[in-house]
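Heads up, the final residue of the sequence shown is numbered 381 in the numbering used here, and it's a clean run with no missing numbers.
C-beta: ideal position from N, C-alpha, C; glycine also.
This structure is a prediction, so every number in the text was calculated from the model and none was measured.
Written below as structure tokens is the structure these notes are about.
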Amino acid sequence: MQKKRKNFGQKLLVEVKITGKEPENMAEIVANKFKELGVEKDFMVVSFDLKLMEEVKKLIPDIKTGYIIPLLLGDLPDTNVDFYALEDFSYNEKLAIQAKIKKKKLLIWTVNDIIKIRKYLRQPVDGIITDELDELKEEKRYLKENNTYFDKYIRIITNI
222 MQKKRKNFGQ
232 KLLVEVKITG
242 KEPENMAEIV
252 ANKFKELGVE
262 KDFMVVSFDL
272 KLMEEVKKLI
282 PDIKTGYIIP
292 LLLGDLPDTN
302 VDFYALEDFS
312 YNEKLAIQAK
322 IKKKKLLIWT
332 VNDIIKIRKY
342 LRQPVDGIIT
352 DELDELKEEK
362 RYLKENNTYF
372 DKYIRIITNI
């Protein structure tokens with residue numbers, strides 16, 4: 222699994238999907254699987270189940286855990302995880318500032334549209350969750366190579 226990860230050139234994000242029929246020791250099962258694979262420092266884990274993620278964090282303090290927030294009206298919750306995975310629709314810069322104040326990372330999901338990818342690359346977010354990894358990498362490369370004040374000005378006035 223680590224060999225496959227290296228082919229992507231980035232950390233992998235593992236989502237633990239909850240059905241409501243999980244055993245009481247689900248956090249231990251998740252933690253043990255990460256340890257067994259030796260990826261607890263390399264992979265990040267995320268779930269809609271905040272309690273589960275906080276329990277996994279207690280079992281493996283070095284693992285990066287996140288809480289998926291599908292719809293947020295209001296402020297980011299106080300948590301003991303490392304990052305929030307916020308649905309694209311709910312994002313605003315106020316939430317990005319809150320995440321920084323709380324010393325949490327903010328990832329936006331699922332951003333597959335190139336216009337939105339461009340938008341979030343210019344926002345104060347820490348990551349973009351996408352199925353379009355090649356497009357994301359290409360856009361990041363383009364921005365890095367075309368980063369003069371003139372380039373930025375043209376992007377602002379053309380909204381590209």
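When the options are compared against residue i, the one with the closest alpha-carbon
i	options	result
GLU236	PRO282, LYS254, VAL266, ASN246	VAL266
PRO298	LYS279, ILE322, PRO282	ILE322
GLY241	LYS254, GLN231, PHE269, ASP263	PHE269
LEU327	ASP334, VAL302, ARG339	VAL302
LYS238	TYR363, ALA248, THR300	ALA248
ASP296	PRO282, GLY287, ILE281, ASN313	ASN313
LEU280	LYS365, VAL260, ALA252	ALA252
LYS272	LYS358, ASN333, GLU261, TYR288	TYR288
ASN333	PHE255, GLU261, LEU357, VAL260	LEU357
LYS315	PRO282, THR300, ILE336, VAL346	VAL346
Exposed unless 16 or more other CB atoms sit within 10 angstroms - verdict on residue i
i	result
ILE290	buried
LEU307	buried
GLU245	exposed
TYR341	buried
PHE304	buried
ILE318	exposed
Residue i versus residue j: straight-line alpha-carbon distance, rounded
i	j	result
ILE250	LEU258	12 Å
SER311	ILE284	26 Å
GLY325	GLU360	Per the sequence presented here, residue 325 reads as Lys, with Gly not at that position. Roughly 25 Å between the two C-alpha positions.
ASN367	ILE350	23 Å
TYR363	ASP352	19 Å
ILE329	LEU292	12 Å
LEU233	ASP263	8 Å
ILE378	ARG343	14 Å
Residue(s) in a DSSP beta bridge with residue i
i	result
THR286	VAL266
GLY241	According to DSSP, which records beta bridges pairwise, GLY241 is partnered with nothing at all.
ILE329	LEU307, ILE349
LEU234	MET265
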